[in-house]
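Those sequence lines, one after another, are chains A and B. Take any residue in the first sequence, note its place counting from 1, add 200, and you have its number in my numbering. Take any residue in the second sequence, note its place counting from 1, add 1230, and you have its number in my numbering. Below is one structure; the comments refer to it alone.
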Amino acid sequence: MSNSSEKKIRVVVAKPGLDGHDRGAKIIARALRDAGMEVIYTGLHQTPEQIVETVIQEDADAVGLSILSGAHMTLVPRIMELLKAQGIDDVVVTVGGTIPDDDVQELKTLGVAEVFTPGAPTQQAIDFIRSAVRA
Amino acid sequence: MAIRPIPGEIERWTHERFERAPERDAPFSTISGEPIKPLYTEGDLPEDLEAAIGLPGEFPYTRGVYPSMYRGRLWTMRQFAGFGTAEETNKRFRYLLDHGQTGLSTAFDMPSLMGHDSDHPRSLGEVGREGVAVDTLQDMEALFARIPLDEVSVSMTINAPAPIMLAFYVVAAERQGVASDRLAGTIQTDILKEYIAQKEWCFPVDPAMRLVTDMIEWCSEHMPRWHPISISGYHIREAGSTAAQELAFTLKDGLTYVEHAVARGLDVDAFAPRLSFFFNAHIDFFEEIAKYRAARRIWAREVRDTFGARDERSLLMRFHTQTAGVSLTAQQPLNNVVRTAIEALAGVLGGTQSLHTNSFDEALALPTEEAVRLALRTQQIIAEETGVANTIDPLGGSYFVEALTDRLEEQAYEYFAKIDELGGMVEAVKRGFPQREIADAAFRYQQEVESGMRKVVGVNAYAEGDDHQTALLRIDPAFESHQVDQVREVRARRDQVAADAALAALEAAAREPDRNLMPLLLDATRAEATEGEMVQTLQRVFGTYREVPVF
């Protein structure tokens, strides 16, 4: 558990795009919360603009994007671009979903810190966010 | 000759024999968490087995809805397909028909499912990704070009805008010279499970229920061979529910549609024979078989006793099955071939009327043609080589399967009682009750996998590291701009006055709660209004829906 004197990590869990597959997003939201983080779950069908707005409003340390619609190469670059335009460079961005290997490399080039594909344990995401935010 | 153990025999055997050897360190419960005994005997059968299971084609239909089942006709092998443009999907459809598939099943893309045209800003990046983009009548005609709609049965997986898609389909067939009363197939239309699990909606719950009921009513008069709704547990299960939750929520959704149609004055026997179901086939083999058997029995009893159906056909719970996408792993993807075969076998032993087998590469991307063919071959091997279709309900009377069937039925009725306490399914959905139950079950299962209590081969057992070596289907991004051009062309060339008038009439009718909207949607289709225009028109009257997320 996190040290009580430490500030709680604030994570936005977001569902960009139109797909309604929210099992993974909800599981990860709950796992991060149980791990002592402050979790803001946006709910479904969020536009990139709405997500970036939430990240700013909530003063988030990290944002986890869950996408299973295949639209990640449109939506994630747009979110990265909007974050940059707002001068936000200290928010850890992770992506979870059915992301082919080639796209993983491209997303990382755009500044995504880590990509979690199907089967990744929630503990892996917890550990990653914790160390990336503290770094 | 019965081998009912004399009282005390099981206890004696347990003590003297079974407990002598230690058990493996394994959960010994179904994937849903239901504990399983080491041995089932005649003592686990229902008191009156004959009454509980009956004979095939007879009440309570536990053993099957038809007297001959697969001796008469095999299940329909119906692979779900759709991606890119209508032209591209039309090619895949004709490929599947050429390879022995006997029915078509259409997957729509996310914008179509949400009622957005392809050129809507929210459609960006999603057009043709997870299914085919259908914005207009023209797209629907391209989708079924050179496919005789009076000969194939067609299934369309779409819900919130289902009445609009059905209108497109009816008019497309009309232009092929096929009248609506000759069309056979299914459209999903199960809006309750959208709010519960699949989460593709256009309107708030109450007006959405009105649209569903409008469609059921219209179909009962004009489409005698059509299934206007496919009450679906599939997505509930994929969202992480247990087998019992899938069973309970699906049947309760179905009973709720019946209740609404009856409240509108329809005779239950005028539409109930056309209701059909859609279940998941997950990896826990016997639990799945028991689930289908329990579903048939519950449905027959409820429709007969609660709604007073007299036509025997109203009591038949006919269902489509799809193997569990959620059980597929991105790791060691070839293992998914085996999972799918076992799941498909459960569907068949459970007496399904049609079946979709998933392709092994679907945890990674949409399936390649080769993977789809292997999935279809899996069904053909079950049908032609294994001998399982030789006899009806081969597991009927199995101590274990009958006990599990009873247990699932009991759990379903427990959920029915809870939902009734909340004021029925519509209320329960508005309050997020099934949503919460499913989220809890999904989280519990994930914890069980992560703790290592449940093994998933290739993921937390027998893992090998680098697993992503399989060819993936890539959707050409050029599809999207092509589709955007298509919908704009339709808007530019149509008779705008006629389109505006049809949409205005639709809006006016939507304001009158007693008007059936189907004829107005058909008129708007003939005037070439787009899907997005019809949805937005209705949203001006009905509003939109926003979920309060629970996790």
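All C-beta atoms in this analysis are idealised placements derived from N, C-alpha and C, irrespective of residue type, glycine included. Since the structure is predicted, the reported quantities are computational estimates derived from the model, not experimental observations.
Notebook entry, point to check: Hey, how far is the Cα of Asp234 of chain A from the Cα of Gln250 of chain A?
Noted result: By one-based count along the first sequence, residue 234 of chain A stands at place 34. By one-based count along the first sequence, residue 250 of chain A stands at place 50. So the two alpha carbons sit approximately 26 Å from each other.
Next item on the list: Tell me whether Tyr1675 of chain B is buried or exposed, calling it buried when 16 or more other Cβ atoms sit within 10 Å of its Cβ.
Entry: Taking the second sequence and counting its residues from 1, the one referred to as residue 1675 of chain B is at position 445. With 16 or more neighbouring CB atoms inside 10 Å of its own CB, Tyr1675 of chain B falls in the buried class.
Margin query: Taking 8 Å as the threshold (beta carbon to beta carbon), is Arg334 of chain A in contact with chain B?
Written below: The sequence position of residue 334 of chain A within the first sequence is 134, counting from 1. Closer than 8 Å: no.
Margin query: Using only the alpha-carbon positions, how far apart do Glu1763 of chain B and Met1683 of chain B sit?
Written below: Taking the first residue of the second sequence as 1, we reach residue 1763 of chain B at position 533. Taking the first residue of the second sequence as 1, we reach residue 1683 of chain B at position 453. In this structure, the CA atom of Glu1763 of chain B is about 51 Å from the CA atom of Met1683 of chain B.
Next item on the list: Please name the residue, chosen from B:Asp1420, B:Ala1722, B:Thr1244 and B:Glu1600, that lies closest to Ser1506 of chain B on a Cα-to-Cα basis.
Entry: What you label residue 1506 of chain B is simply residue 276 of the second sequence in a count that begins at 1. Measuring C-alpha to C-alpha distances from Ser1506 of chain B to each of B:Asp1420, B:Ala1722, B:Thr1244 and B:Glu1600 identifies B:Asp1420 as the nearest.
Next item on the list: Using the DSSP secondary-structure output, state which residues sit across from Ile240 of chain A in a beta bridge.
Entry: By one-based count along the first sequence, residue 240 of chain A stands at place 40. Ile240 of chain A is bridged by DSSP to A:Val212.
Checklist line | Where Thr1608 of chain B falls, given that 16 or more other Cβ within 10 Å makes a residue buried | finding: Here residue 1608 of chain B is taken as the residue at index 378 of the second sequence, counted from 1. That one is buried.
Next item on the list: My understanding is that Ala1282 of chain B touches Ala1311 of chain B, with C-beta atoms under 8 Å, so please give their C-beta distance in whole angstroms.
Entry: Position 52 of the second sequence holds residue 1282 of chain B. Position 81 of the second sequence holds residue 1311 of chain B. Contact doesn't hold; Cβ gap of about 39 Å is too wide.
Item checked: Rounded distance between the beta-carbons of Val1357 of chain B and Pro1341 of chain B, thought under 8 Å -> Looking up residue 1341 of chain B in the second sequence gives position 111. Looking up residue 1357 of chain B in the second sequence gives position 127. About 6 Å separates the beta carbons of Pro1341 of chain B and Val1357 of chain B, which is inside the 8 Å limit, making them a contact pair.
Check: Gln1418 of chain B touches chain C at which residues, Cβ-Cβ below 8 Å?
Finding: Checking the listed chains, one finds no chain C in this structure; the protein chains it contains are A and B.
Next item on the list: Tell me whether Gly296 of chain A sits in a helix, a strand or coil according to DSSP, three-state version.
Entry: What you label residue 296 of chain A is simply residue 96 of the first sequence in a count that begins at 1. In the structure shown, Gly296 of chain A sits in a strand (DSSP, three-state: E or B).
Check: When the Cα atoms are used, what is the spatial distance from Phe1313 of chain B to Met273 of chain A?
Finding: For the purposes of this step, residue 1313 of chain B is taken as the residue at position 83 of the second sequence. For the purposes of this step, residue 273 of chain A is taken as the residue at position 73 of the first sequence. C-alpha separation (whole angstroms): 17 Å.
Next item on the list: Answer yes or no: does any C-beta atom of chain B fall closer than 8 Å to that of Thr322 of chain A?
Entry: For the purposes of this step, residue 322 of chain A is identified with residue 122 of the first sequence, where counting begins at 1. Answer yes: the Cβ-Cβ gap between Thr322 of chain A and chain B drops below 8 Å somewhere.
Notebook entry, point to check: Name the chain B residues that come within less than 8 Å of Gly236 of chain A, Cβ to Cβ?
Noted result: By 1-based counting over the first sequence, the position of residue 236 of chain A is 36. Listed by position along chain B, the residues whose Cβ is nearer than 8 Å to that of Gly236 of chain A form an empty set, because the closest Cβ is around 16 Å away.
Note to self: According to DSSP, is Glu314 of chain A part of a helix, a strand, or is it coil?
What the structure shows: Taking the first sequence and counting its residues from 1, the one referred to as residue 314 of chain A is at position 114. In the structure shown, Glu314 of chain A sits in a strand (DSSP, three-state: E or B).
Notebook entry, point to check: Using a C-beta to C-beta distance shorter than 7 Å, which residues of chain A count as neighbours of Gln1561 of chain B?
Noted result: In the second sequence, the residue the question calls residue 1561 of chain B occupies position 331. Per Cβ cutoff of 7 Å: Gly319.
Check: Can you tell me the Cα-Cα spacing of Leu1354 of chain B and Ser1348 of chain B, whole angstroms?
Finding: The sequence position of residue 1354 of chain B within the second sequence is 124, counting from 1. The sequence position of residue 1348 of chain B within the second sequence is 118, counting from 1. Whole-angstrom Cα-Cα distance: 8 Å.
Check: When the distance is taken between beta carbons, is Val333 of chain A closer than 8 Å to Ile209 of chain A?
Finding: As a position in the first sequence, residue 209 of chain A is number 9, starting the count at 1. As a position in the first sequence, residue 333 of chain A is number 133, starting the count at 1. Going by C-beta atoms, Ile209 of chain A is nearer than 8 Å to Val333 of chain A.
Check: For Ile1705 of chain B, which residues in chain A fall below 8 Å Cβ to Cβ?
Finding: In the second sequence, the residue the question calls residue 1705 of chain B occupies position 475. Simply Gly270.
Item checked: Length of the line joining the Cα atoms of Ser202 of chain A and Asp327 of chain A -> What you label residue 202 of chain A is simply residue 2 of the first sequence in a count that begins at 1. What you label residue 327 of chain A is simply residue 127 of the first sequence in a count that begins at 1. Low confidence applies to Ser202 of chain A: its pLDDT is 46, below 50, so where it sits in the model is not reliable enough to give any reading.
Check: Does DSSP classify Ser202 of chain A as helix, strand or coil?
Finding: As a position in the first sequence, residue 202 of chain A is number 2, starting the count at 1. Low confidence applies here, because Ser202 of chain A scores a pLDDT of 46, under 50, leaving its location unreliable and the question unanswered by this model.
Checklist line | Close Cβ partners of Met1231 of chain B (< 6 Å) along its chain, the five nearest in sequence each way excluded | finding: Working through the second sequence from its first residue, we reach residue 1231 of chain B at position 1. With a pLDDT of only 43 at Met1231 of chain B, under the threshold of 50, the placement of this residue in the model should not be trusted, and no figure is reported.
Note to self: Tell me the DSSP secondary structure of Met1231 of chain B in three-state form.
What the structure shows: As a position in the second sequence, residue 1231 of chain B is number 1, starting the count at 1. Reliability fails at Met1231 of chain B, whose pLDDT of 43 lies under 50, so the model's placement of it is uncertain and no value is given.
Notebook entry, point to check: For the stretch 213-229 of chain A, which residues have a beta carbon sitting closer than 7 Å to at least one beta carbon of chain B?
Noted result: Going along the stretch 213-229 of chain A in chain order, one finds Gly217, Leu218, Asp219, Gly220, Asp222, Arg223, Lys226, Ile227 and Ala229 with a Cβ nearer than 7 Å to chain B.
Next item on the list: Grab the span of the alpha helix (DSSP H) containing Ile329 of chain A for me, first residue to last.
Entry: Position 129 of the first sequence, counted from the start, is the residue given in the question as residue 329 of chain A. Bounds of the alpha helix (DSSP H) holding Ile329 of chain A are Thr322 to Arg334.
Margin query: Going by DSSP, what residue range makes up the alpha helix (DSSP H) through Ala1493 of chain B?
Written below: Position 263 of the second sequence, counted from the start, is the residue given in the question as residue 1493 of chain B. In this chain, the alpha helix (DSSP H) harbouring Ala1493 of chain B covers Ala1473 to Ala1493.
Checklist line | Pair within 8 Å by beta-carbon distance, Leu1496 of chain B and Trp1456 of chain B | finding: Here residue 1496 of chain B is taken as the residue at index 266 of the second sequence, counted from 1. Here residue 1456 of chain B is taken as the residue at index 226 of the second sequence, counted from 1. No, the pair does not count as a contact, with Cβ atoms beyond the cut-off.
Next item on the list: Determine the chain A residues that contact Gln1769 of chain B at a beta-carbon separation under 8 Å, and present them in chain order.
Entry: Here residue 1769 of chain B corresponds to residue number 539 of the second sequence, with the count starting at 1. Here the premise fails: no neighbours, minimum Cβ distance about 14 Å.
Next item on the list: Verify whether the separation of the beta carbon atoms of Val1780 of chain B and Gln1665 of chain B is less than 8 Å.
Entry: In the second sequence, residue 1780 of chain B corresponds to position 550, counting from 1. In the second sequence, residue 1665 of chain B corresponds to position 435, counting from 1. Going by C-beta atoms, Val1780 of chain B is nearer than 8 Å to Gln1665 of chain B.
Check: Does the pairing of the stretch 1398-1412 of chain B with the stretch 1422-1441 of chain B give three or more beta-carbon distances under 8 Å?
Finding: Because the criterion of three Cβ pairs below 8 Å is not met, the stretch 1398-1412 of chain B and the stretch 1422-1441 of chain B do not touch.
Next item on the list: Select from B:Pro1290, B:Ile1266, B:Glu1430 and B:Arg1704 the residue whose C-alpha is nearest the C-alpha of Thr1811 of chain B.
Entry: Nothing about residue 1811 of chain B can be read from this structure; chain B reaches only from 1231 to 1781.
Note to self: Counting C-beta neighbours from all protein chains within 10 Å, is the total for Asn1620 of chain B 16 or more, i.e. buried, or is it exposed?
What the structure shows: Stepping through the second sequence from its first residue, residue 1620 of chain B is reached at position 390. Looking at its Cβ environment, which holds fewer than 16 other Cβ atoms inside 10 Å, Asn1620 of chain B is exposed.
Check: Out of curiosity, what's the CA-to-CA distance linking Thr1416 of chain B and Ser1335 of chain B?
Finding: Counted from its first residue, the second sequence places residue 1416 of chain B at position 186. Counted from its first residue, the second sequence places residue 1335 of chain B at position 105. So the two alpha carbons sit approximately 9 Å from each other.
Check: According to the Cβ coordinates, are Lys215 of chain A and Ala231 of chain A closer than 8 Å?
Finding: For the purposes of this step, residue 215 of chain A is taken as residue 15 along the first sequence, with counting starting at 1. For the purposes of this step, residue 231 of chain A is taken as residue 31 along the first sequence, with counting starting at 1. The beta carbons of Lys215 of chain A and Ala231 of chain A sit no closer together than 8 Å.
Check: Smallest Cα separation from Asn1389 of chain B: which of B:Ser1383, B:Asp1339 and B:Ser1544?
Finding: Here residue 1389 of chain B refers to the residue found at position 159 of the second sequence. The option with the nearest alpha carbon to Asn1389 of chain B is B:Asp1339.
Next item on the list: Measuring only between beta-carbons, confirm whether Met1299 of chain B sits less than 8 Å from chain A.
Entry: Reading the second sequence from its first residue, position 69 is the one you call residue 1299 of chain B. With 8 Å as the cut-off, Met1299 of chain B does not count as an interface residue toward chain A.
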